[in-house]
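Note that the numbering used here numbers the sequence shown so that position 32 is 142, with each residue one more than the last. Glycine residues also receive a C-beta, built at the ideal position from the N, C-alpha and C atoms. Below: one structure, written as structure tokens.
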Amino acid sequence: MSEHLLEIRNLNKVLPAGPDQTPATVLRGISLDVARGEFVAIVGRSGSGKSTLLYCMAGLELPTEGRVSLLGQDLAHLDRKAQARLRRDHVGFVFQSYNLIPSLTAWENVALPARLARRKADQSRVDAALAAVDLSAQARQKPATLSGGQQQRVALARVFAMRPDVVFADEPTGALDTEAGAQVLNLLRDTATDGCSVVMVTHDLQAAARADRVLVLRDGAVQHELHHPSAAEVFDAVALREDEVV
Ligand code: ADP
Ligand code: MG
């Protein structure tokens with residue numbers, strides 16, 4: 111297996127023209143390698159292509175051109191079923207919305223992916239995942255009785271219970287206050303330190319500075335790549351030029 115968990119080469123994404131629109135280029139020639147256990151943050155202004163890049167990396171969206179290789183497997187060589195299996199067995203997703211099933215308890219939500227994969231939910235693994243996000247005491251509660259931060263931690267436990275090799279997170283702290291966001295971020299930081307790669311899109315530049323590497327996207331291209339930057343360096347890299355008006 112390749113030493114890189116994820117390899118992306120010359121990714122381009124052009125959206126077809128709408129009724130009164132010209133085709134829009136969303137990604138321009140992006141190449142990127144993500145090592146095992148690396149924590150990569152993607153920042154950039156709204157509309158710069160962050161989510162599109164994340165979804166192309168995960169095989170949820172198709173690039174117009176370029177190659178995506180996940181765990182040494184070229185996604186273009188896998189049919190939909192094989193891609194879905196690869197994601198199920200190796201990839202976790204976290205979104206801004208928690209996507210929990212309201213009628214199930216926290217414990218049942220965490221156990222659900224294993225059940226859907228027709229594996230017996232390993233009770234001790236579910237317990238351990240809930241303990242890792244500090245929610246053992248809330249295991250029998252339904253999502254509506256939990257705070258936003260707690261719900262997002264249930265969503266993280268649901269990912270951790272599957273022991274993925276890579277976690278893709280799109281604005282995981284976007285709906286949370288500073289303290290709850292920091293807890294979620296610490297958990298993502300820890301999971302990367304434990305050997306799971308994390309690719310996180312975020313608006314929060316302070317959060318991005320916790321990553322090993324920060325990519326600044328601009329108009330669908332990587333404008334800056336920073337290694338272990340300070341928060342100030344991330345702010346500077348994303349800062350608007352004086353002639354730019356939002
Ligand atoms: P970001 O996550 O950085 O805000 P996105 O990846 O969501 O950016 O979007 C990049 C650009 O592509 C934006 O200009 C957006 O309007 C456009 N875009 C993305 N997906 C679609 C789509 N399905 N249909 C039309 N435009 C889209
Ligand atoms: Mg987005």
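Top-ranked residue by Cα proximity to residue i, from the options
| i | options | result |
| --- | --- | --- |
| S141 | G147, D184, V178 and D237 | V178 |
| G176 | L125, R138, L325 and A241 | R138 |
| G330 | S156, A265, V136 and K230 | V136 |
| R323 | N120, A134, I152 and P126 | I152 |
| E117 | D314, L286 and L164 | L164 |
| V277 | T162, A247 and R198 | R198 |
| F205 | G305, V124 and T283 | T283 |
| G305 | V124, A134 and A145 | A145 |
| E218 | L188, A227, F203 and A249 | A249 |
| L185 | R195, G169, T174 and K191 | G169 |
| S307 | A242, S234 and L180 | L180 |
| G291 | P223, L240, F149 and L266 | L266 |
| L196 | T132, D275, H114 and D346 | D275 |
| T174 | P133, F203, A239 and Q261 | P133 |
Backbone CA spacing between residue i and residue j [nearest angstrom]
| i | j | result |
| --- | --- | --- |
| Q183 | G259 | 35 Å |
| H200 | R273 | 7 Å |
| Y52 | H334 | An answer regarding residue 52 cannot be provided, because it is not within the stretch 111 to 356 covered by the chain. |
| G157 | L325 | 15 Å |
| A319 | E281 | 14 Å |
| E171 | T162 | 7 Å |
| L245 | H337 | 33 Å |
| V124 | D130 | 16 Å |
| V332 | G154 | 9 Å |
| R190 | C166 | 14 Å |
| R328 | K160 | 9 Å |
| L298 | L226 | 24 Å |
| T303 | A254 | 31 Å |
| D232 | L214 | 17 Å |
| Q316 | N296 | 12 Å |
| P339 | A221 | 37 Å |
| E352 | L121 | Low local confidence applies: a pLDDT of 49 at E352 is under 50, so the model's placement there is unreliable, and no value is given. |
| A241 | A279 | 21 Å |
| F149 | R228 | 30 Å |
| D237 | P126 | 46 Å |
Opposing strand residues paired with residue i [DSSP bridges]
| i | result |
| --- | --- |
| S179 | E117 and D184 |
| N209 | For N209, which the question treats as bridged, DSSP gives no partner whatsoever. |
| R328 | A331 |
| L240 | Bridge partners of L240: none, in fact. |
| S307 | V276 |
| N65 | With the chain represented from 111 up to 356, any question about residue 65 goes unanswered, as that position is not in the structure. |
| D143 | E117 |
| F149 | V308 |
| F203 | F278 |
| T255 | Partner(s): none; T255 has no beta bridge. |
| T135 | V124 |
| L359 | No statement about residue 359 is possible, as the shown extent of the chain runs from 111 to 356 and does not include it. |
Residue i at chain E interface by Cβ criterion, 7 Å
| i | result |
| --- | --- |
| L327 | Chain labels in this structure do not include chain E; a single protein chain is all it has. |
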